[in-house]
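Peer 1: Got a structure for you, questions after.
Residue numbers (my numbering): 3 to 157.
Structural data, given as structure tokens:
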């Protein structure tokens, strides 16, 4: 039996400190066992309260001073990622509580999969989470995956 892929979640911070902890919380509150994923935050600033939070929760921090572009922050984070599957999250976005379990299941089902993208929902600029984020909500993901030879699988 092949090993189940483990996930690395890379949170890319673009100086939007006021949203970052909510993004991190959405990853920490996943239905998936914590041992199945790691969290990596890549950022270009020092912030003692945020840095302490990351340390206290065993979240990897990748500090990239004066990156020329976002690509450098992503590159540095990928270098420390241990997961077989990498998920990206922007600092002003959040994951559904079932997101990582869903992604893991898709990669288990399609072992040759190289890229996966699913639908998303918008959240207001004020950071208000719509009511569909209640604990009883299970989103119906419509997914598209790209498999070997770049064919698209619609689930």
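Glycine residues also receive a C-beta, built at the ideal position from the N, C-alpha and C atoms.
Quick check: what's the CA-CA separation for residue 100 versus residue 31?
Peer 2: As a position in the chain shown, residue 100 is number 98, starting the count at 1. As a position in the chain shown, residue 31 is number 29, starting the count at 1. Roughly 9 angstroms between the two C-alpha positions.
Peer 1: So, do the region 114-121 and the region 42-52 have three or more beta carbon pairs nearer to each other than 8 angstroms?
Peer 2: Too few Cβ pairs lie closer than 8 angstroms, so no.
Peer 1: Measure the Cβ-Cβ separation of residue 102 and residue 22 and say whether it is below 8 angstroms.
Peer 2: Locating residue 102 in the chain shown gives position 100, where the first residue counts as 1. Locating residue 22 in the chain shown gives position 20, where the first residue counts as 1. Not a contact, by the Cβ cut-off of 8 angstroms.
Peer 1: Identify whether residue 136 lies in helix, strand or coil by the three-state DSSP scheme.
Peer 2: Locating residue 136 in the chain shown gives position 134, counting from the first residue. Low confidence applies to residue 136: its pLDDT is 45, below 50, so where it sits in the model is not reliable enough to give any reading.
Peer 1: Straight-line CA distance for residue 78 to residue 44?
Peer 2: By 1-based counting over the chain shown, the position of residue 78 is 76. By 1-based counting over the chain shown, the position of residue 44 is 42. Going by the C-alpha atoms only, they are around 8 angstroms apart.
Peer 1: In this structure, does DSSP put residue 120 in helix, strand or coil?
Peer 2: As a working mapping, residue 120 is identified with position 118 in the chain shown. In the structure shown, residue 120 sits in a strand (DSSP, three-state: E or B).
Peer 1: Mapping the DSSP letters down to three states, classify residue 38 as helix, strand or coil.
Peer 2: Within the chain shown, numbered from 1, the residue matching residue 38 stands at position 36. Looking at residue 38 - three-state DSSP - the assignment turns out to be helix.
Peer 1: Within this structure, are the beta carbons of residue 64 and residue 42 separated by less than 8 angstroms?
Peer 2: Sequence index remark: in the chain shown, residue 64 carries index 62 (1-based). Sequence index remark: in the chain shown, residue 42 carries index 40 (1-based). Closer than 8 angstroms, so yes.
Peer 1: Nearest CA to the CA of residue 108: which residue from 120, 92, 46?
Peer 2: Sequence index remark: in the chain shown, residue 108 carries index 106 (1-based). Taking only the C-alpha atoms, the option nearest residue 108 is 120.
Peer 1: What's the C-alpha gap between residue 4 and residue 112?
Peer 2: As a position in the chain shown, residue 4 is number 2, starting the count at 1. As a position in the chain shown, residue 112 is number 110, starting the count at 1. For residue 4, the pLDDT reaches just 41, beneath the cut-off of 50, and the residue's location in the model is therefore unreliable, leaving the point undetermined.
Peer 1: Under the rule that 16 or more other beta-carbon atoms within 10 Å means buried, what is residue 136, buried or exposed?
Peer 2: Counted from its first residue, the chain shown places residue 136 at position 134. With a pLDDT of 45 at residue 136, under the threshold of 50, the predicted position of this residue should be treated as unreliable, though the coordinate-derived value follows. Classification of residue 136: exposed, given that the 10 Å Cβ count is below 16.
Peer 1: Helix, strand or coil: which one does DSSP assign to residue 14?
Peer 2: Indexing the chain shown from 1 puts residue 14 at position 12. Correct three-state label for residue 14: strand.
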